[in-house]
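Residue numbers (the numbering used here): 329 to 502. Even for Gly, the Cβ is constructed at its ideal location relative to N, Cα and C.
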Amino acid sequence: MHMLKIKLILPLALLFMVSACGGESQNESQADRSHESIVENAVFADLDGNDVSIKDFKGKFVMIDFWESWCGPCLQVFPSLDQLREEYPDNFEVLAVTVGLNEGPEDARAFAAKHDYDFNWLYDEHGVFTQLGGQGIPFKAYVDPDGNFIKIEMGSHGREGDYNRTKAMIQEFF
């Protein structure tokens, strides 16, 4: 009797595990497609209020770095991102996008004026951060030179970690 229960329960348990895994992959795939469309069609505002499209940067590897001036981990990696801009001036762009959590474009303008980073200073006027499910910063999205969404990263790996990870991604294309 005990063996009969095992023979009945084991196949059902395996079926449940396989179907659960399949559903998870499908949801992840749907999320990727959703992020892909949002990122590939993203439009931000520069600090003068002009629209800037992700499509304007075709041919370059792009990091969309959502940040705020009070975010320590965000600011910690700026020097390493600037170094990558110096190393790959024709192939890498940083879109430093303030999300407006507690600041506006004027705060980003003041920050940019005080710092000599070679970034595209932008404001998330159209809510791209929220559309991507952003709930905290640092939050980054990556776009390949053909304008295709690669991935999203939440959090920071520190100055050196972010530098190494981003450089490795750039080197995949150039």
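- Taking a C-beta distance under 8 Å as the contact criterion, F372 and L450 qualify as a contact pair.
- In terms of Cβ geometry, V427 and G400 do not form a close pair [threshold 8 Å].
- Shown here, S381 sits in a strand according to DSSP, grouped into three states.
- Residue state for Y491 is assigned as helix, using DSSP reduced to three classes.
- Here F394 is buried. Its C-beta has 16 or more other C-beta atoms within 10 Å.
- Distance between R413 and K388, taken at the CA atoms: about 11 Å.
- It is roughly 25 Å from the alpha-carbon of D444 to the alpha-carbon of F502.
- If you look at F477, you'll find it in the beta strand (DSSP E) that goes F477 to M482.
- Only residues of its own chain outside the window of five on either side were considered, and among them S397 have a CB closer than 7 Å to the CB of F439, listed in chain order.
- The Cβ atoms of N448 and V422 sit closer than 8 Å to each other.
- In the three-state reduction of the DSSP assignment, D435 falls in the helix class, which pools H, G and I.
- For K468, the pairing in a beta bridge is given by DSSP as D393 and E481.
- Shortest Cα-Cα distance from P473 to any of G483, N419 and D435 involves N419.
- For F420, the uninterrupted beta strand (DSSP E) run begins and ends at F420 to T426, by DSSP.
- A straight-line Cα-Cα distance of about 20 Å links E431 and A370.
- The C-beta distance from I382 to G475 rounds to 7 Å, short enough to fall under 8 Å.
- DSSP, read as helix, strand or coil, puts D410 in helix.
- Distance between Q404 and P466, taken at the CA atoms: about 10 Å.
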